[in-house]
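Participant:
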Amino acid sequence: MHLDLRYPIGLLLTTYGVILAIQGAVVEAKVLGLNVNLYWGAAMTVCGLAALYLARRKRS
Amino acid sequence: MHLASIDILLIAIYGAFVLAIGFLLRRQMVGSAEFFLAGRSMPAWVAGLAFLSANLGAQEMIGMAASGAKYGILTSHFYWVGAIPAMAFVGVFMMPFYYGSHARSVPEYLKLRFDEKTRGFNALTFAVMTVFSSGISMYAMGALLALLLGWNIHACIAASAVVVLLYIVLGGLTSAIYNEVLQFFLIVFGFTPVVYLGLRDAGGWAGLAARVPDTFVHSWSYLGRADANPMGVEWFGMVMGLGFVLSFGYWCTDFLVVQRAMAADSMNAARRTPLIAAVPKMLFPFLVIVPGIIALGLTLHPNAGSAPLLPRLADGTYDYNMALPLMMSRYYPAGLLGLGLTALLASFMSGMAGNVTAFNTVWTFDIYQSYIRPRQSDAHYLWMGRMATVFGVLVSMATAYAAMRFNNIMDMLQLVFSFVNAPLFATFLLGMFWKRTTGHGAFWGLVAGTGAAALHYELTGVAGAASLLPKIAVVHAYPSDMAQNFWGAIVAWTTCFVATVAISLATRPKPESDLRGLVFGLTPRSTSPELSWHQRPAVLAGLVLTLTLALNILFW
């Protein structure tokens, strides 16, 4: 079995992204008027899912 | 700095990931080639990101931000002058010999190209140096966490040692490389918000430039004279000392980074490894140096209603090392703070893992197999590699404790090692591109270069600064220790170059039949016309160098 590195990368970024986004949605801690947890969590989730998509596409 | 439970959760998830990768890779570790060389199976992008991250320890991140606060954008020379050209060179010109020779380590290449004593010299100094630097960074990180978070320094050292030990014993070099790539993404995601928020707070680049001295936002304009810029270095010392001797010496010969390229899955991938690494490398100043400049800007001219960012030390200077942690604690709410700290922890652990994997390889192949127990089974050397990993981590811990008690001794050791490193590139350059270079020439050239570096240090001083080692006499005083360091490297390199050429001409060269695949001119050129442009090392190198030039002009 060869472990495709895109899986752990995608999984880690998605996990972090979702946790941050939830934190941002629940506790609205604004920095310079921005809900940074929410926005950055969403961005990380998108990147994480993209890595997972690339890993899956390679396999099939 | 206070951590919320969400921050702890993010750090714990990272720890679980690292260990899980080690366990998943365990079954792949069937022989020494898998354990030490990752089975030579890494795709170019994985090897490339690992090549970059192996060098980005936490000390580097903290240090670059500190240097940004102290010297400004001049610090980017450590990237744009002091890394990119050498990375392009090693990919295009040197990798064909490293990868093509099938050497398993840099010292082994020296053995194939020159002789046993040159390998022994390089292997021993490298092995000792890597475990020491891993221990020193272990101590630095433990001390930082103790200061920032009030964690127990002994617990920090023990916990990081156990995690690193486990994932390397389980997954070998593959584990180390995978975690380095993860670390790369964590750094990008963990540091980008601090740069964005900091710049937004400071009023963009223009607003920041108005807050700091003009020398802090120009990389070349003030390099005409050493006394015109905060680094105390002039352009020649910068370009020749840092850009040529030190940078090529590190990026082209240090096994810690070259090992990542040797693990690539093909010659072409190995050559592209440093070139792929160069792209993020040239952008990293924005991630690691700019936060330091922002920290200084918000200290000299804070916004209305907020306190200066950097605290002062007892001697009245700013505590530059706190630049990055304090930027994070100012701009990151619970959640993002956990991510930022995880990025720091990840770079610390993979920096240490990089040292340990390079150490166990050099120890097992170049010392144990060569001098202690040759001709054993592959399983025996695999076992030895795991033992060497345990040993390397234990010595690192011992070094960390020694650094805690005797900080000065560690600084002296690092200074002595820098004497050994300075001339190395001359040996490799001659060895790879001049077939007449002999083993005696290489070895005695290295000894002469090391001696010249030590002698240069003994005979020069730094204006207004105390010296680490007692001096014979001070015949020349440099404006800064950086200038002394750069010029010492130039002296060492030149001495090694001249001595190697002279001794080589007086001794008998190896027959050409022994040098095939090791030296330029005796190695068939790899020409593969079917490669598309983005797979050609020379095209990539040209692209990387052009972009770097553009960045230099942009921040001139």
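Protein sequence lines correspond, in order, to chains A and B. When we follow the numbering used here, the leftmost residue of the first sequence carries the number 125, and every step to the right adds one. When we follow the numbering used here, the leftmost residue of the second sequence carries the number 44, and every step to the right adds one. Every residue, glycine too, gets a C-beta built ideally from N, C-alpha and C. Predicted, not measured: the structure shown is a model, and the values here were computed from it.
1) Can you find a C-beta in chain A that's less than 8 angstroms from the C-beta of B:Asp244?
2) Tell me which residues share the same chain as B:Thr258 and place their Cβ nearer than 7 angstroms to its Cβ, disregarding the 5 neighbours each side in the sequence.
3) On a Cα-Cα basis, can you pick out the residue from B:Pro552, B:Leu208 and B:Tyr374 that is closest to B:Met44?
4) Taking 8 angstroms as the threshold (beta carbon to beta carbon), is B:Ile337 in contact with chain A?
5) Under three-state DSSP, which class holds B:Met85?
6) The alpha helix (DSSP H) spanning B:Ala422 covers which residue range?
7) B:Tyr210 versus chain A: which residues are under 7 angstroms apart at the beta carbon?
8) Compile a chain-ordered list of the residues in the segment 441-469 of chain B whose CB is closer than 7 angstroms to at least one CB of chain A.
9) To which residues does DSSP link B:Arg355 through a beta bridge?
10) Sort out for me which residues DSSP pairs B:Ala520 with in a bridge.
11) Can you tell me which of the three DSSP states B:Ala545 falls into?
12) Can you have a look at B:Ile515 and say buried or exposed, based on whether 16 or more other CB atoms are within 10 angstroms of its CB?
13) B:Leu191: which of B:Asp358, B:Ala170 and B:Pro368 sits nearest, CA to CA?
14) From B:Gly504 to B:Gly193, what does the alpha carbon distance come to, in whole angstroms?
15) Can you give the beta carbon distance from B:Leu352 to A:Val155, rounded, assuming they're within the 8 angstroms contact cut?
16) Under the rule that 16 or more other beta-carbon atoms within 10 Å means buried, what is B:Trp487, buried or exposed?
17) Hey, quick one: how far does the alpha helix (DSSP H) through B:Asp244 stretch, first residue to last?
18) If you run the structure through DSSP and keep just helix, strand and coil, what is A:Val155?
19) Any C-beta of chain A within less than 7 angstroms: which residues of the segment 204-232 of chain B qualify?
20) Pop quiz: B:Lys324 and B:Leu592 are said to be a contact at Cβ under 8 angstroms. What is the actual Cβ separation, rounded to whole angstroms?
21) Roughly how many angstroms lie between the CA atoms of B:Ala509 and B:Ser523, to the nearest whole one?
22) How long is the line joining the alpha carbons of B:Trp549 and B:Glu159, rounded to whole angstroms?
23) Along the chain, where does the alpha helix (DSSP H) containing B:Val602 start, and where does it finish?
24) Between B:Gly143, B:Gly492 and B:Val436, which has its C-alpha nearest B:Ala170's C-alpha?
25) If you draw a straight line from the C-alpha of B:Thr470 to the C-alpha of B:Phe291, how long is it?
26) Starting from the C-beta of B:Ile596, find all residues in its chain whose C-beta is less than 7 angstroms away, skip the five residues before and the five after it, and write them out in chain order.
27) Under 8 angstroms, Cβ to Cβ, is there at least one residue of chain A near B:Ala377?
28) For B:Leu225, is the classification buried or exposed, using 16 other Cβ atoms within 10 angstroms of its Cβ as the cut-off for buried?
29) Please report the Cβ distance between B:Thr296 and B:Ala307, rounded to the nearest whole angstrom; I am assuming they are in contact, meaning their Cβ atoms lie under 8 angstroms.
30) When DSSP builds the beta bridges, which residues end up paired with B:Ala307?
31) Are B:Leu382 and B:Phe232 closer than 8 angstroms when you measure CB to CB?
32) Report the neighbours of A:Tyr140 on chain B: residues whose CB is nearer than 7 angstroms to its CB, in chain order.
33) Classify B:Glu573 as helix, strand or coil using the three-state DSSP reduction.
34) Taking B:Ala497 as the reference, give the member of B:Ala535, B:Gly484 and B:Arg479 with the closest Cα.
35) CB A:Leu173 to CB B:Tyr221, shorter than 8 angstroms?
36) If the cut is a Cβ gap below 9 angstroms, which residues of chain B does A:Leu136 touch?
Facilitator: So, from the listed chains and residues:
1) yes
2) For B:Thr258, where only same-chain residues beyond five positions count, the Cβ hits under 7 angstroms are Gly115, Tyr265, Asn272 and Pro273.
3) B:Tyr374
4) With a threshold of 8 angstroms between beta carbons, B:Ile337 makes no contact with chain A.
5) strand
6) Asp421 to Arg448
7) Going along chain A, no residue has its Cβ under 7 angstroms from B:Tyr210, so there is no contact; the nearest lies around 12 angstroms.
8) Cβ contacts with chain A come from no residue of the segment 441-469 of chain B.
9) B:Tyr361
10) B:Gly504
11) helix
12) The residue in question, B:Ile515, is exposed, as its Cβ has fewer than 16 Cβ neighbours within 10 Å.
13) B:Pro368
14) Put simply, the backbone Cα of B:Gly504 is about 39 angstroms away from that of B:Gly193.
15) That belief does not hold up - the Cβ atoms of B:Leu352 and A:Val155 are roughly 15 angstroms apart, past 8 angstroms.
16) With 16 or more other Cβ atoms within 10 Å, it is buried.
17) Ile196 to Ala245
18) Residue state, collapsed to three classes: strand.
19) Flagged, chain order: Tyr221, Val224, Leu225, Phe228 and Phe232.
20) That pair is no contact at about 15 angstroms.
21) 11 angstroms
22) The question names Trp, but residue 549 of chain B is Ala in the sequence shown. The straight-line gap from Cα to Cα measures roughly 19 angstroms.
23) It is not possible to answer for residue 602 of chain B, since the shown part of chain B is limited to 44 through 599.
24) B:Val436
25) 12 angstroms
26) none
27) yes
28) buried
29) Actually they are not in contact, since the Cβ atoms of B:Thr296 and B:Ala307 sit about 18 angstroms apart, beyond 8 angstroms.
30) B:Met85
31) yes
32) Within chain B, the residues near A:Tyr140 are Leu53 and Leu382.
33) coil
34) B:Ala535
35) no
36) Ile56, Tyr57, Phe60, Leu225, Phe228 and Leu229
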